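Participant:
Right, here's the structure in full:
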């Protein structure tokens, strides 16, 4: 079943050139944080270009449950009347975060240092994902978590009555963990410090500074050190959400592997902690260019132009790049299948605990479609068959994972035989306009009877 309804089987067939402009949705990471920080500010935050996928809408509903006034004005225009740091009210009902690991982990952090109790749940996929990586550091503030065996949802968080500041070294690179700790630190007196051995996406740090928090970032012998001074009064902001580079990955990669294609994807956020996929594609020989480069709201942006690139070659992706493209490895593996030679991806164990085990899901589906894949706990290798030589013809399981579903639908655009996906319903969580957008470019994606 899909995350919010009955299964939606789809198939994708070889198509002619993809042409035109792909206006992808707003950035999901920034959309979540805009709603949460808006709810923790005093006054009205105005947001333009908010991603209106299920994941972000669930976060908006959660902020309402905690007492903020969240209003949809239409056309991606939203406002949030915040309650201030430490001002969250206790929700009357269980908070359902649907399919969103980002949403639930950030919201847990935001409420963990306030003396209230909240219970969180999600769909079958989210309820199978580990939460201890967040609840363990939140316990250092004084919060308590009671959940299912293995630290899984449904879970009740009892916020700290007298929160204390924390100094925390993240055991694995995770922007979600870092962000949860920083959000909890907002209502703790003194300085909360997060130390990362590898820098991860920094939207939370940028936005906290934009909302008026006292926050510093420095690189030391210990690692990447973020220091937040607690109990600020956050000031409401006017936020323009850039378009999501993770969503842009799908029309970009589809254009690279579909003969004759030329697709422009405008206004994409190119935060260096998020742009690893585009660097990797260029390293492989992709015809991918940045146009109209600029900075808006502290975030670098550009228009991306992707053209069919028949001579791409497999490479070894630098492991240090993993954090900046962790969500893009599934669709990168589709491009790798069409490149010449092996593409080696290491340092990617985080993929094992996403909405699905993304290494296993992609490896299984690619093998079924005639691609040789090797994999281990923290690595995988896709043996490229060369452009247009992937057979296809198989049905692939999405495992309630939007990125797996979209990746296999992109694969089908260049395979000899169509590729089927058992359930593309979860795509609505992050990219609700994926189907019509790709169809407008020239893709052949069809719905099938369940």
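Numbering (the UniProt record's numbering), first residue to last: 1 to 450.
Yeah, the Cβ is synthetic: ideal placement off N, Cα and C, and Gly gets one too.
No experiment lies behind these values; they were computed from the predicted model shown.
(1) Using the DSSP secondary-structure output, state which residues sit across from residue 290 in a beta bridge.
(2) Using a threshold of 8 Å, state whether the C-beta atoms of residue 103 and residue 59 are closer than that.
(3) Over the uninterrupted beta strand (DSSP E) stretch that includes residue 155, give me the two end residues.
(4) Please confirm whether residue 182 and residue 170 have their CB atoms less than 8 Å apart.
(5) Excluding the 5 residues preceding and the 5 following residue 336 in the sequence, name in chain order all residues of the same chain whose CB lies nearer than 7 Å to its CB.
(6) Excluding sequence positions up to five away, which residues of its chain have a Cβ less than 6 Å from the Cβ of residue 411?
(7) For residue 282, report the span of its alpha helix (DSSP H) as first-last.
(8) Within 10 angstroms of its Cβ, does residue 219 collect 16 or more other Cβ (buried), or is it exposed?
(9) Do you know how far the Cα of residue 84 is from the Cα of residue 433?
(10) Regarding residue 79 and the ligand ZN, is the C-beta to nearest heavy atom distance less than 7 Å?
(11) Locate the beta strand (DSSP E) running through residue 27, then write down its first and last residues.
(12) Does the Cβ of residue 243 have 16 or more other Cβ atoms within 10 Å, making it buried, or fewer, making it exposed?
(13) Just mark residue 165 as buried or exposed, buried being the case when its beta carbon has 16 or more other beta carbons within 10 Å.
(14) Return the first residue and the last residue of the beta strand (DSSP E) that residue 264 is part of.
(15) Could you compute how far the alpha carbon of residue 235 sits from the alpha carbon of residue 86?
(16) Whole-angstrom Cβ separation of residue 247 and residue 430, contact assumed at under 8 Å?
(17) Determine the extent of the beta strand (DSSP E) in which residue 44 is found, giving its start and end residues.
(18) Skipping 5 residues on each side, what residues in its chain have a beta carbon closer than 7 Å to that of residue 258?
(19) So is residue 155 buried or exposed if we call it buried at 16+ other beta carbons inside 10 Å?
(20) Is DSSP giving residue 3 helix, strand or coil here?
(21) Would you say residue 318 faces chain B, with C-beta separation under 8 Å as the test?
(22) Tell me which residues share the same chain as residue 140 and place their Cβ nearer than 7 Å to its Cβ, disregarding the 5 neighbours each side in the sequence.
(23) Nearest-angstrom Cα distance between residue 89 and residue 65?
(24) Which residue comes first and which comes last in the beta strand (DSSP E) that contains residue 375?
Facilitator: If we stick to the structure as given:
(1) Position 290 of the chain shown holds residue 290. Beta-bridge pairing links residue 290 to 304.
(2) The sequence position of residue 103 within the chain shown is 103, counting from 1. The sequence position of residue 59 within the chain shown is 59, counting from 1. Contact flag set, yes.
(3) Residue numbering aside, residue 155 sits at position 155 when the chain shown is read from its first letter. That run of the beta strand (DSSP E) goes 152-158.
(4) Working through the chain shown from its first residue, we reach residue 182 at position 182. Working through the chain shown from its first residue, we reach residue 170 at position 170. Not in contact: residue 182 and residue 170 (Cβ atoms no closer than 8 Å).
(5) Taking the chain shown and counting its residues from 1, one reaches residue 336 at position 336. Once the five neighbours on either side are set aside, the close Cβ partners of residue 336 are 314, 343, 382 and 384.
(6) Counting from one through the chain shown, the residue named residue 411 turns up at place 411. Hits under 6 Å: 334 and 419.
(7) What you label residue 282 is simply residue 282 of the chain shown in a count that begins at 1. It spans 276-283 - the alpha helix (DSSP H) in which residue 282 sits, taken as one unbroken run.
(8) Translated into the one-based positions of the chain shown, residue 219 becomes position 219. Exposed is the call here.
(9) Counting from one through the chain shown, the residue named residue 433 turns up at place 433. Counting from one through the chain shown, the residue named residue 84 turns up at place 84. Taking the straight line joining both Cα atoms gives about 34 Å.
(10) Annotation note on the ligand ZN: not contained in the displayed structure, which lists no ligands.
(11) Mapped onto the chain shown, residue 27 falls at position 27. Note, residue 27: premise wrong, no beta strand (DSSP E); not H, not E.
(12) Start at 1 with the first residue of the chain shown, and residue 243 comes out as number 243. With 16 or more Cβ atoms within 10 Å of its Cβ, residue 243 is classed as buried.
(13) Walking along the chain shown from the start, residue 165 turns up at place 165. So residue 165 counts as buried.
(14) Your numbering for residue 264 matches position 264 in the chain shown. Looking at the DSSP string, the run of the beta strand (DSSP E) that includes residue 264 is 262-269.
(15) Reading the chain shown from its first residue, position 235 is the one you call residue 235. Reading the chain shown from its first residue, position 86 is the one you call residue 86. Roughly 14 Å separates the two Cα atoms.
(16) Taking the chain shown and counting its residues from 1, the one referred to as residue 247 is at position 247. Taking the chain shown and counting its residues from 1, the one referred to as residue 430 is at position 430. Correct: roughly 7 Å between the Cβ atoms.
(17) Locating residue 44 in the chain shown gives position 44, counting from the first residue. Residue 44 -> beta strand (DSSP E) spans 42-48.
(18) Within the chain shown, numbered from 1, the residue matching residue 258 stands at position 258. Within the same chain, residue 258 has close Cβ partners 15, 17, 18, 308, 413 and 414.
(19) For the purposes of this step, residue 155 is taken as the residue at position 155 of the chain shown. It is buried - the Cβ of residue 155 has at least 16 other Cβ atoms within 10 Å.
(20) Counting from 1 along the chain shown, the entry for residue 3 is found at position 3. Because the pLDDT of residue 3 is 45, which lies under 50, any placement of that residue in the model is unreliable, and the number read from its coordinates should be weighed accordingly. Note: residue 3 maps to coil in three-state DSSP.
(21) Looking for chain B here will not work: only one protein chain is present.
(22) Translated into the one-based positions of the chain shown, residue 140 becomes position 140. Answer for residue 140: 166 and 168, listed in chain order.
(23) Numbered from 1 along the chain shown, position 89 holds the residue referred to as residue 89. Numbered from 1 along the chain shown, position 65 holds the residue referred to as residue 65. Each residue's Cα considered, the two are about 8 Å apart.
(24) Here the question's residue 375 lines up with position 375 in the chain shown. Counting along the chain, the beta strand (DSSP E) containing residue 375 begins and ends at 372-376.
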